[in-house]
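Peer 1: What follows is a single structure, and I will ask about it in a moment.
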Amino acid sequence: MLDYARSLFGSNSNIKVLTTTLLRKPAVPLQNYTISDIPERIPSSRMIACHTLPYPYAVFYCHTQKSETRLLRVSLGAENGDKVRAIAACHMDTSQWDLDHVSFRLLKIEPGSCPVCHFFPPDNLVWVSLSA
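As structure tokens, this is what we get:
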């Protein structure tokens, strides 16, 4: 995976891996969360998102985005007091996305009408290039 990141970012790039962190193991697997602090923008010139796939061993699907994507570190508080330091991605231009993308149905929006943001689960990785 590091070789893949270096092949995209360049071998001399300053590369960092980001993940969502559970500050303690949640007692309730699914619950509502509230943003508890001002999100912190993570400066990066490029990113690679790596999502886990359902195999009995570690397999990741990694991809990049051609359009502008902003990364944020967000503090979340759960209903029962659990805390999470989450990584979020905001896709600023969705005009080239597939018209059938699930985000458009869930958010009841049209392609290109507004940014689409999402959180990364704790088992996903986000590689960023901090180089200009």
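One gets our numbering by counting positions in the sequence shown from 1 and adding 3 to each.
Every residue, glycine too, gets a C-beta built ideally from N, C-alpha and C.
Remember, predicted model here, so these are calculated numbers, not experimental data.
Give me the residue from Gln68, Pro124 and Leu133 with the minimum Cα distance to proline 32.
Peer 2: Here residue 32 refers to the residue found at position 29 when the sequence shown is read from its first residue. The candidate whose alpha carbon is nearest that of proline 32 is Pro124.
Peer 1: Where in the region 43-111 do unbroken runs of the beta strand (DSSP E), each at least 3 residues long, occur, reported from the N-terminal end onward?
Peer 2: Entirely contained in the region 43-111, the beta strand (DSSP E) runs reaching 3 residues are, in chain order, 43-45, 49-55, 63-66, 72-81 and 86-94.
Peer 1: Hey, how far is the Cα of arginine 73 from the Cα of methionine 95?
Peer 2: For the purposes of this step, residue 73 is taken as the residue at position 70 of the sequence shown. For the purposes of this step, residue 95 is taken as the residue at position 92 of the sequence shown. Their Cα atoms are separated by approximately 7 Å.
Peer 1: Under 8 Å, with one C-beta from each stretch per pair, do the region 106-126 and the region 19-33 reach the 3-pair mark?
Peer 2: Yes, they touch.
Peer 1: Can you confirm whether the region 74-87 touches the region 32-43 when touching is taken to mean that 3 or more C-beta pairs between the two stretches lie within less than 8 Å?
Peer 2: Counting Cβ pairs under 8 Å, three or more are found: they touch.
Peer 1: With DSSP run on the structure shown, which of helix, strand or coil describes phenylalanine 12?
Peer 2: Residue mapping note: residue 12 aligns to position 9 of the sequence shown, counting from 1. Of the three classes helix, strand and coil, the one that applies to phenylalanine 12 here is helix, per DSSP.
Peer 1: Who does valine 131 pair with in a DSSP beta bridge?
Peer 2: By 1-based counting over the sequence shown, the position of residue 131 is 128. DSSP, once it has assigned bridges, lists Lys19 and Met50 as partnering valine 131.
Peer 1: From Tyr64, Ser47 and Ser48, pick the residue whose C-alpha is nearest to that of threonine 55; which is it?
Peer 2: Along the sequence shown, read from residue 1 onward, the residue named residue 55 stands at position 52. Out of Tyr64, Ser47 and Ser48, Tyr64 has the C-alpha closest to the C-alpha of threonine 55.
Peer 1: Would DSSP call leucine 26 helix, strand or coil?
Peer 2: Residue numbering aside, residue 26 sits at position 23 when the sequence shown is read from its first letter. Reduced to three states, the DSSP call for leucine 26 is coil.
Peer 1: What does DSSP give as the partner residues of isoleucine 38 in its beta bridges?
Peer 2: Stepping through the sequence shown from its first residue, residue 38 is reached at position 35. Paired residue(s): Leu79.
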